[in-house]
Amino acid sequence: MKKIMLKIVGFLFIGFVIMSCNDSFLQREPIDDLTDNNFWKTANDLKVYNNGIYNAAGDNGTNLFFVGHANSAWNSSYLSTMALENLSDNSASFVSNHASYVKVGAGQETVPDNATVGGWQWSFVRRCNVFFENYERADISESVRNNYAGEVYFFRAWFYLDKVQNYGDVPLVTTALNGDSEELFEAQTPRKDVMAQVLSDINKAVEYLPESWDGNHPDRVTKYTALALKSRICLYEGTYNKYHNLGEYQSWLNEAADAAQRVMESGKYTLYNTGNPEMDYRTLFTSPDLHGNSEILFSRTYITPGLGHRVSGYIISQASGVTKDFVDDFLCIEPDGTAKPIALSSVYNEDTYDGYFDNRDPRLSQTILDPRKEKELLNTAKGFPFLNGMGVSWESSTGFHFIKHYEYQDDLRGYGNEINDYPMFRYAEVLLNYAEAKAELGTISQDDLDKSINDLRDRAAMPHLDLSPPMDPKYASEEISSLLVEIRRERRVELSYEQFRYQDLMRWKKGHYLKNRVLGMRLEDADRAVGARYEKANVSTFEVDGKKYVDVYAGTDYAVDKRVFDERKHYRRPVPVNVLAKNPNLVQNPGWE
């Protein structure tokens with residue numbers, strides 16, 4: 016089966032590219048005039064145009080909502096979900112290509128002069144609107160026309176979700192504007208109205224998209240992909256409204272739960288599970304072909320030669336690492352068969368590095384390298400972990416080496432030739448969206464937990480969650496129930512490095528987490544003595560409860576005394592200076608003036 020590779024292409028005179036009639040986005044021929052009477056006539060014309068929609072959505076030099084491993088080997092280093100995780104409290108990095116994300120997470124972002132990658136960019140929405148102004152000219156059945164319209168509604172909704180997440184109020188444009196259109200100089204539209212349009216768009220996508228495409232094309236979105244996106248959109252807006260006191264939120268949460276439930280009740284998707292809890296989770300992220308995987312609703316695929324990504328190669332060559340705060344959130348499995356946070360556990364032990372992984376959620380050793388598995392996973396016996404300054408090819412800023420997206424055979428393929436797929440929408444997220452929406456509404460039952468959170472825990476061979484778990488002392492002051500703590504924990508563990516954590520913190524109004532000191536592995540003075548394992552490690556440490564840990568950003572602009580999170584300012588990004596200069600009706604976001 017042919018794979019579709021989403022790759023940026025050059026622009027035509029009005030900023031659009033149309034692909035050829037071949038299914039592949041790589042084989043493309045420009046059409047001179049999008050309004051020409053020779054186009055917009057057939058189903059294939061609509062398909063060809065929409066191939067360009069997919070392609071443009073995945074142009075990660077412009078957009079950062081359809082990302083995965085990014086759209087090129089070079090972009091894998093700084094525009095992949097692996098890189099974007101450095102916005103959050105899951106990851107810490109000294110990689111220069113990650114600096115812009117680290118700055119945002121530390122509250123050090125400044126107002127840019129011009130639009131940045133994935134920022135105040137609007138060419139994509141014009142591409143969508145050109146479709147809507149022309150597609151009904153096609154002399155084909157209404158149902159076929161609607162199938163292709165559903166794709167464009169899907170992507171316009173996804174695009175605007177990303178813009179609202181970053182900026183709040185944004186220009187809402189639903190027609191194809193020209194250079195002299197008055198609408199180009201209008202003010203931002205209130206986020207409430209933008210999100211109403213997003214909901215309308217995604218509802219039309221759900222209505223119009225087929226359950227599957229003729230020929231079973233796995234690289235095109237379907238009705239169920241749209242339902243998954245709807246659950247994501249509505250959960251985001253419902254919780255954002257709730258915790259930011261923006262008014263009505265219950266209808267959004269009901270819509271989120273209903274959309275997720277429709278996917279769950281379709282019977283078309285299940286969690287990938289071969290009965291191997293030590294590997295099944297990670298296999299989702301190290302597969303060269305996710306087509307046919309029961310968990311995948313939509314994936315981003317890559318082809319060779321020269322048109323793949325380089326995520327595995329960058330993972331082992333960059334000085335980044337997983338944070339202690341994230342590692343601490345993986346539960347322990349107790350002798351009595353229950354699961355408890357480390358603060359309540361009788362078996363948690365960090366006196367040795369191996370102890371981090373003993374009696375823990377098996378997803379920990381599928382996200383972070385357990386040195387006892389380095390031969391199996393990396394085909395090496397170097398003796399991990401390695402800290403910065405130790406002079407090896409794979410050093411870590413924290414001592415916790417990220418491996419969730421690393422695959423040895425893919426790494427061997429080299430620059431631009433890695434082909435492992437990326438799961439853009441998977442059933443696990445649908446289950447998590449369902450559970451969280453029901454919990455936020457206060458209507459969740461044990462049956463709801465069993466078919467969502469506990470389904471995920473079964474794959475990982477983890478004890479079940481009930482309606483009254485013990486409160487983790489780490490979160491006791493957060494003014495949410497112990498059940499919500501555990502549902503949010505499950506989301507953090509399951510969806511790490513998949514472009515969720517930062518926006519989750521934003522919608523929960525937990526941006527203050529980003530002010531915390533960023534710590535890594537335990538590292539006592541004896542571990543750094545002459546002749547000791549970490550003698551050459553170039554790191555600082557900080558003491559917590561009589562134990563010392565790597566203090567990742569000590570002495571830098573991202574140290575704890577320089578980290579800020581302004582509640583008025585940092586839940587939204589700044590509008591670029593030149594944008595405001597060109598349109599005096601636009602206003603800067605609060606705090607960025």
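Position in the sequence shown (from 1) plus 15 gives the number in the numbering used here.
Every residue, glycine too, gets a C-beta built ideally from N, C-alpha and C.
From the DSSP secondary-structure annotation, give me the bridge partner or partners of residue i.
i: CYS347; result: LYS355 and ARG375
i: SER227; result: Answer is none; SER227 lacks a bridge partner.
i: PHE313; result: PHE440
i: PHE580; result: DSSP output for PHE580 lists no bridge partner at all.
i: VAL559; result: LYS562
i: HIS324; result: GLU433
i: THR319; result: Looking at the DSSP assignment, THR319 forms no beta bridge with any residue, so it has no partner.
i: THR204; result: VAL185
From what residue to what residue does the alpha helix (DSSP H) around residue i run?
i: VAL565; result: That residue, VAL565, is in no alpha helix (DSSP H); its beta strand (DSSP E) goes 562-566.
i: SER92; result: Counting along the chain, SER92 falls outside any alpha helix (DSSP H), and DSSP gives it neither H nor E.
i: VAL337; result: Run containing VAL337: none in the alpha helix (DSSP H); it sits in the beta strand (DSSP E), 335-337.
i: SER246; result: 238-258
i: MET279; result: 265-281
i: LYS56; result: That residue, LYS56, is in no alpha helix (DSSP H); it is neither H nor E in DSSP.
i: GLU505; result: 497-509
i: MET521; result: 516-522
i: LYS597; result: 592-597
i: GLN123; result: Element bounds for GLN123: n/a, residue is neither H nor E.
i: ASN553; result: Note, ASN553: premise wrong, no alpha helix (DSSP H); not H, not E.
i: ILE468; result: 468-474
i: LEU464; result: 461-465
i: TYR296; result: 295-298
Heavy atom of the ligand GTP less than 8 Å from the Cβ of residue i, yes or no?
i: PHE147; result: With respect to small molecules bound, the structure shown includes none, and the ligand GTP cannot be examined in it.
Spatial neighbours of residue i within its chain, please: C-beta separation below 6 Å, excluding the five flanking residues on both sides.
i: ASP425; result: SER327, GLU433 and ASN435
i: LYS219; result: TYR168
i: ALA172; result: VAL213, ASP216 and ILE217
i: ARG378; result: TYR296, ALA475 and VAL508
i: TYR633; result: Any answer about residue 633 is impossible in this case: the structure gives the chain only from 16 up to 608.
i: LEU268; result: GLY253, ALA452, GLU455 and LEU456
i: HIS113; result: ALA98 and ASN101
i: ALA58; result: ILE155 and VAL159
i: ARG325; result: ALA88, SER91, TYR430 and GLU433
Look at the alpha carbon of residue i and the alpha carbon of residue j, and state the distance between them as a whole number of angstroms.
i: ARG578; j: TRP607; result: 17 Å
i: ASN600; j: MET521; result: 27 Å
i: ILE502; j: LYS339; result: 20 Å
i: HIS585; j: GLU391; result: 42 Å
i: GLN42; j: VAL63; result: With a pLDDT of 29 at GLN42, under the threshold of 50, the modelled position of this residue cannot be trusted; read the value that follows with caution. If I take the Cα positions, the gap works out to 11 Å.
i: VAL567; j: PRO400; result: 15 Å
i: GLY134; j: ALA72; result: 13 Å
i: SER332; j: TRP409; result: 5 Å
i: PRO478; j: SER496; result: 20 Å
i: PHE557; j: GLY535; result: 10 Å
i: MET210; j: ASN78; result: 19 Å
i: GLU157; j: MET279; result: 29 Å
i: ALA274; j: LYS245; result: 6 Å
i: LYS563; j: GLU198; result: 57 Å
i: GLU293; j: GLN381; result: 7 Å
i: LEU312; j: VAL221; result: 14 Å
i: ALA547; j: ASP373; result: 24 Å
i: GLU582; j: PRO605; result: 10 Å
i: LYS118; j: LEU250; result: 27 Å
i: TYR423; j: TYR573; result: 33 Å
i: ASP385; j: ASP542; result: 19 Å
i: ASP74; j: ASN86; result: 6 Å
i: TRP228; j: ASP234; result: 10 Å
Ends of the beta strand (DSSP E) at residue i?
i: GLU608; result: Unbroken run through GLU608: none, as it is neither H nor E.
i: MET536; result: 534-537
i: ALA107; result: 106-108
Less than 7 Å between C-beta atoms, sequence neighbours within five positions excluded: which residues of the same chain meet that for residue i?
i: TYR437; result: GLY83, HIS84, SER314 and ARG315
i: TYR116; result: ALA98, LEU99, ASN101 and LEU102
i: GLY120; result: ASN101, LEU102, SER103 and LEU529
i: PHE580; result: GLY122, GLY526, HIS527, LEU529 and LYS530
i: PRO356; result: LEU346, ASP487 and LYS489
i: GLU349; result: LYS355, SER360, SER361 and VAL362
Taking only beta-carbon positions, decide if residue i is within less than 9 Å of chain C.
i: ALA452; result: No chain C appears in this structure, which consists of one protein chain only.
Among the residues of its own chain, which have a CB less than 8 Å from the CB of residue i, if the five just before and after it don't count?
i: GLN603; result: VAL126, PRO589, VAL590 and LEU595
i: GLN514; result: VAL82, THR96, LEU99 and GLU100
Exercise for the section: Pick out the complete alpha helix (DSSP H) segments inside the stretch 126-195, 4 residues or longer, and give them in chain order. Expected result: With a minimum length of 4 residues, the continuous alpha helix (DSSP H) runs that stay inside the stretch 126-195 are 138-147 and 157-182.
Problem - Every unbroken beta strand (DSSP E) inside the stretch 371-439 [3 residues or more] - result: None, since the stretch 371-439 contains no complete beta strand (DSSP E) of that length.
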